[in-house]
């Protein structure tokens, strides 16, 4: 009798109740290559889940890979995705301050072909993993990483979704219908002094012209880097954390990935 | 044995699984007054829930109250809110076509004081109900109703939240810090030819100047009336249903109401 009861409970509850106790998120440092460059990122996934699942490539802001991206991919893994924090700069290239970051990011802004190839290497690494369902892949990017995420989609990568957080929205070459496969969600601080409203308008025009399925969310009182607690809280500096915009944008991303990465 | 199994299943599942079988959404026609004018709207709530709960006032598009608003308040009631579809025009005033609707809505656009008073009467009716927690109230509005929803907040109504769907975003008099208490979520079709991007920009500037907590979402490929299946599917007419934007905007509203109407 007890066994039959237990079975009944399991049958009734299994499809409806997630069991966080069984989740086992593991995170590891991974290396991969783009031609001669070794890249070092973070990979995270739930080891209690078997089989292929939707995958998210996460691209860092101009400061490069750090522990911040580790916690971000872990949060994505907790949602059920296999997530790779890509390394755009190459192993060991970790800017120590804004000046170094600007110089490093500048190399890629100036060389869009390199930027696209480097982003693609991260995409290919993630697509090749045994946990990944390569038919269900998305990319998210922050600031500089937002530009990389969009450039990856513009280059024709078989992505279902792109999410940018306070991303640079300008294009090295405009999206075109033939190559751009992803749906796009751009999450933007309405007072961002680095990605101004003119750039936002240019992005909307670009996406419209290419027939992309896109959405844009503007958050009041939010400036650049609004998801990053390391940015402090002084809006007048142009970069600052904004707890409401951080929470809301994460929720918007969750809803969007749920929609676009469903089977 | 069967009874003990059932009990066990219930004990295990009750706190985690909502029980739609217990929900009892009731909808009724209600009348209320604004000075000499009798208004007739729809009220909907879950009768299986006891006590006061958060409340949503819903304001119709320029066609006035119809069965469309009935299904909308029922959907809100299913989410746990007590919802009232306000009647801006007065009992029996139901435009039969766009020409009549334009004339009727025009009366209120031209008389902002009347518009605000009429919207306030719906708000007061909802606030007075035994099901309503008057500390947790929101307003949602569609097209013309979006304008009414914002005007209600601009007039100083004690609202926690305003949601507009393809709403008219211009103001009869700009919001000011002292009177505007609500957080705002504006859900907009990026190709809306009636609420153009210049009006969207004016709205952002107005909200910014008044220090409002606001968000704006733009949906690609969506024109005016994108939530309304009655609008057909020909974007070139300027009004058309858009299933993706309808689904996404409803989800955004759900997230926002969950956040703003929480205890």
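Residue numbers (this note's numbering), protein chains in the order written: chain P, 1181 to 1443; chain V, 1181 to 1443. Just so you know, even glycine gets a beta-carbon here, dropped at the ideal spot from N, CA and C. Small disclaimer: the values here were computed from a predicted structure and weren't measured.
Only counting the same chain, and skipping five residues up and downstream in sequence, which positions put a Cβ closer than 8 Å to that of residue i?
i, result
"residue 1313 (chain V)", "1232, 1233, 1234, 1235"
"residue 1260 (chain V)", "1226, 1229, 1233, 1234"
"residue 1207 (chain V)", "1222, 1223, 1224, 1250, 1253, 1254, 1257"
"residue 1134 (chain P)", "In the structure displayed, chain P extends from 1181 to 1443; residue 1134 (chain P) sits before or after that span and is not available."
"residue 1429 (chain V)", "1345, 1367, 1397, 1399, 1406, 1407"
"residue 1443 (chain V)", "1316"
"residue 1297 (chain P)", "1214, 1215"
"residue 1354 (chain V)", "1334, 1386, 1389, 1390"
"residue 1381 (chain V)", "none"
With residue i and residue j assumed to form a contact (beta carbons below 8 Å), what rounded beta-carbon distance in angstroms separates them?
i, j, result
"residue 1299 (chain P)", "residue 1254 (chain P)", "Residue 1299 (chain P) to residue 1254 (chain P), Cβ: 21 Å. No contact."
"residue 1421 (chain V)", "residue 1408 (chain V)", "6 Å"
"residue 1361 (chain P)", "residue 1396 (chain P)", "Not quite, the Cβ-Cβ distance comes to about 19 Å (not below 8 Å), so this is no contact."
"residue 1346 (chain P)", "residue 1406 (chain P)", "6 Å"
"residue 1469 (chain P)", "residue 1211 (chain P)", "Outside the shown range of chain P (1181 to 1443) lies residue 1469 (chain P), about which nothing can therefore be said."
"residue 1221 (chain P)", "residue 1265 (chain P)", "5 Å"
"residue 1418 (chain P)", "residue 1373 (chain P)", "4 Å"
"residue 1435 (chain V)", "residue 1435 (chain P)", "7 Å"
Could you check whether residue j and residue i sit closer than 8 Å to each other, using their CB atoms as the reference points?
i, j, result
"residue 1274 (chain V)", "residue 1244 (chain V)", "yes"
"residue 1292 (chain P)", "residue 1352 (chain P)", "yes"
"residue 1365 (chain V)", "residue 1432 (chain V)", "yes"
"residue 1350 (chain P)", "residue 1305 (chain P)", "no"
"residue 1390 (chain V)", "residue 1356 (chain V)", "yes"
"residue 1319 (chain V)", "residue 1237 (chain V)", "yes"
"residue 1170 (chain P)", "residue 1242 (chain P)", "One cannot answer for residue 1170 (chain P) here, as it falls past the ends of chain P, which runs 1181 to 1443."
"residue 1276 (chain V)", "residue 1219 (chain V)", "no"
"residue 1317 (chain V)", "residue 1333 (chain V)", "no"
Once the 5 residues before and after residue i are set aside, which same chain residues still bring their CB inside 6 Å of it?
i, result
"residue 1359 (chain V)", "1336"
"residue 1363 (chain P)", "1341, 1393, 1440"
"residue 1190 (chain P)", "Low confidence applies to residue 1190 (chain P): its pLDDT is 38, below 50, so where it sits in the model is not reliable, and the reading given next is rough at best. Taken in chain order, the list of residues that qualify is empty."
"residue 1257 (chain V)", "1205, 1224, 1225, 1226, 1263"
"residue 1239 (chain V)", "1266, 1321, 1325, 1328, 1329"
"residue 1415 (chain V)", "1403"
"residue 1387 (chain P)", "1394"
"residue 1203 (chain P)", "1226, 1228"
Whose C-beta lies closer than 7 Å to the C-beta of residue i among residues of the same chain, with five residues either side of it excluded?
i, result
"residue 1370 (chain V)", "1398, 1399, 1400, 1402"
"residue 1348 (chain P)", "1323, 1324, 1326, 1327, 1375"
"residue 1196 (chain V)", "With a pLDDT of only 42 at residue 1196 (chain V), under the threshold of 50, the placement of this residue in the model should not be trusted; the figure read from the coordinates follows. So the list is empty, once near-sequence residues are dropped."
"residue 1181 (chain V)", "Only weak support exists for where residue 1181 (chain V) lies, its pLDDT of 36 falling under 50; the value from the coordinates is given anyway. So the list is empty, once near-sequence residues are dropped."
"residue 1217 (chain P)", "1270"
"residue 1438 (chain V)", "none"
Does the beta carbon of residue i sit closer than 8 Å to a beta carbon anywhere in chain C?
i, result
"residue 1297 (chain P)", "Here the protein chains are P and V, and chain C is not one of them."
Q | Contact list for the region 1376–1402 of chain P against chain V, Cβ threshold 9 Å | A | 1377, 1381, 1384, 1387, 1388, 1391, 1392, 1393, 1394, 1395, 1396, 1397, 1398, 1399, 1400, 1401
(Q) Runs of 4 residues minimum, wholly inside the region 1305–1364 of chain P: which ones carry the alpha helix (DSSP H) assignment? (A) Given a length threshold of 4 residues, each whole run of the alpha helix (DSSP H) inside the region 1305–1364 of chain P is given here in chain order: 1324–1334.
- Message: For the region 1410–1430 of chain V, list every residue whose C-beta sits within 9 Å of some C-beta in chain P, in sequence order.
- Response: Correct list: 1424, 1425, 1427, 1428.
Checklist entry - What residues in the region 1340–1371 of chain P have a beta carbon less than 7 Å from any beta carbon of chain V? => result For the region 1340–1371 of chain P, the residues whose beta carbon sits under 7 Å from a beta carbon of chain V are, in order, 1370.
Report the residues of the region 1294–1306 of chain V with a CB closer than 8 Å to any CB of chain P, ordered along the chain.
none
Which runs of the beta strand (DSSP E) spanning at least 3 residues fall entirely within the region 1385–1411 of chain V, listed in chain order? 1394–1399
Exercise. Where are the beta strand (DSSP E) runs, 3 residues long or more, that stay fully inside the region 1211–1297 of chain P, in chain order?
Worked result: 1217–1226, 1233–1239, 1262–1266
Handout entry: Cβ-based contacts, 9 Å cut-off: residues of the region 1233–1254 of chain V near chain P
Key = none
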